[in-house]
Amino acid sequence: MATPMSQHQPCPLLTKLPSELRIRIYEDVLRFDNPIKLRQHVPGSESTTILRCNRQIYHEALAVLYDVNIVSVSRNDFCAKTTSALQTPILAQHVKHLRFTRFSESIACNFLLDRCSVCQSDAKGLVELLEHGMPMLKSVTIDYSTQINAFLQFKDLVSQGGTNTTVDCINIGVYRVRADRLDDLDFTFRHRPLASCWPAIVRLSSMDISQQEKDERLVPLRAADPDVPDKLWLLFCADKYGQLGQLCNDNTVEAWRTEPWLSGSHDEQRSNTLHELTLAVQHFMKTHTAVQCRRYLTSQITEVFG
Ligand SMILES: [Zn+2]
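Anchor point for the sequence shown: position 213 equals 213 in this note's numbering, and the numbering is continuous, going up by one each time.
Rendered as structure tokens:
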């Protein structure tokens with residue numbers, strides 16, 4: 001005789017395995033290599049069907065999903081003037097790691113003079129939401145690389161705002177936001193292509209290997225990003241040959257020479273120097289193409305710089 005629907009067999013996952021092992025299973029199944037965009041299909045995401053097994057598994061596994069993944073969002077997802085049907089359905093009480101893929105205002109507010117507080121230039125509503133609206137939040141990264149001017153305006157407005165919020169440059173292309181209530185939150189703005197490539201180029205420049213070997217080590221960097229490595233490498237080569245002044249102004253050359261990224265200090269002067277360098281490198285990257293830079297690099301560098 002068939003078992004009535006009301007008498008389901010107990011789920012072996014819940015009855016036979018201790019919670020520690022269940023968590024391990026959830027972590028294996030639900031961990032993704034890249035930030036996840038909720039509501040969109042994630043490659044290999046058939047495994048998220050585990051969330052639909054039953055209520056207990058849903059609650060256990062959902063916490064793990066947010067714990068081990070970064071959620072990809074934009075200001076659009078928090079905009080007060082955007083319909084919820086066009087927003088990522090984020091569970092604010094669970095989310096731990098956010099990555100904003102850009103710093104632009106929402107599509108809706110882009111057409112309005114009276115923007116919502118999330119989309120305004122000082123992003124006040126967004127900062128307040130991150131401070132108060134997500135109790136489990138541990139890290140936030142905002143990629144400003146396609147909205148550099150909007151980020152600089154935000155930085156200026158925050159520093160003039162008379163609050164305890166500060167935006168300090170802590171490395172080339174990396175700015176940390178600090179506020180009284182953000183102590184436990186790792187909140188950074190990043191020029192993602194620059195911040196990702198810079199450490200690798202610094203390491204490469206300091207290696208005691210031949211120029212040819214260094215060229216070979218540039219190849220995988222170019223494969224990951226065809227634009228930025230050659231631009232940065234040209235700057236480092238120009239510095240090596242004492243010709244940085246032909247590519248940058250005197251202030252940049254002076255800031256470059258202080259080599260603040262090697263100093264290990266974290267004072268205001270270092271932050272200001274790093275900020276000036278970041279602006280200069282971003283400007284150089286904007287005004288030169290990778291093809292131009294590579295043309296220099298593939299020539300005899302001493303001939304190019306004379
Ligand atoms: Zn808005």
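Glycine included, every Cβ here is placed at the ideal spot set by N, Cα and C.
Kindly list the residues whose CB is nearer than 6 Å to the CB of residue i, restricted to its own chain and excluding five residues on each side of it in sequence; keep chain order.
| i | result |
| --- | --- |
| I50 | V29, A61 |
| A150 | F103 |
| R178 | T166 |
| S139 | H97, D186 |
| L247 | A238 |
| K124 | S117 |
Which value, in whole angstroms, describes the spacing of the CA atoms of residue i and residue j?
| i | j | result |
| --- | --- | --- |
| R217 | G133 | 44 Å |
| D239 | R203 | 15 Å |
| T141 | E268 | 22 Å |
| N272 | R55 | 52 Å |
| R181 | R270 | 24 Å |
| T146 | K96 | 25 Å |
| L113 | F154 | 17 Å |
| R294 | D215 | 11 Å |
| V291 | L297 | 10 Å |
| R24 | E276 | 46 Å |
| T188 | Y175 | 5 Å |
| Y58 | N110 | 37 Å |
| M1 | C11 | The predicted model places M1 with a pLDDT of 42, which falls under 50 and marks its position as unreliable, so this point remains unresolved. |
| T15 | E27 | 19 Å |
| K286 | C169 | 20 Å |
| N69 | A108 | 28 Å |
| D67 | F32 | 11 Å |
| D183 | Q243 | 42 Å |
From the DSSP output, read off the bridge partner residues of residue i.
| i | result |
| --- | --- |
| R294 | Answer by DSSP bridge pairing: none, since R294 is not bridged. |
| I36 | V71 |
| T141 | R99, T188 |
| Y175 | C169, F189 |
Just to confirm, does residue i get its C-beta within under 7 Å of one of the non-hydrogen atoms of ligand 1?
| i | result |
| --- | --- |
| K155 | no |
Who are the near neighbours of residue i in its chain, counting only those whose CB is closer than 8 Å to its CB and skipping five residues on each side?
| i | result |
| --- | --- |
| S106 | S74, R75, N76, C79, K81, T82, C116, V118, C119 |
| S19 | E60 |
| P4 | In this prediction, P4 has a pLDDT of 45, which is less than 50 and means its spatial position is unreliable; nothing more can be read from the coordinates. |
| Q282 | I148, G173, H191, L194 |
Identify, in the order they occur along the chain, each residue of the same chain with its Cβ nearer than 7 Å to the Cβ of residue i, setting aside the five sequence neighbours on each side.
| i | result |
| --- | --- |
| S205 | F236 |
| L38 | V71, T88, P89, I90 |
| T229 | As written in the sequence, residue 229 is Pro, which differs from the Thr given in the question. If we look at P229 and ignore the five residues flanking it on each side, its Cβ neighbours are C197, I201, L218, L221, R222. |
| P135 | Q93 |
Lining residues of ligand 1 - beta-carbon closer than 7 Å to any non-hydrogen atom, in sequence order: R75, C79, A80, K81, T82, E105, S106, A108, C109, R115, C116, V118, C119
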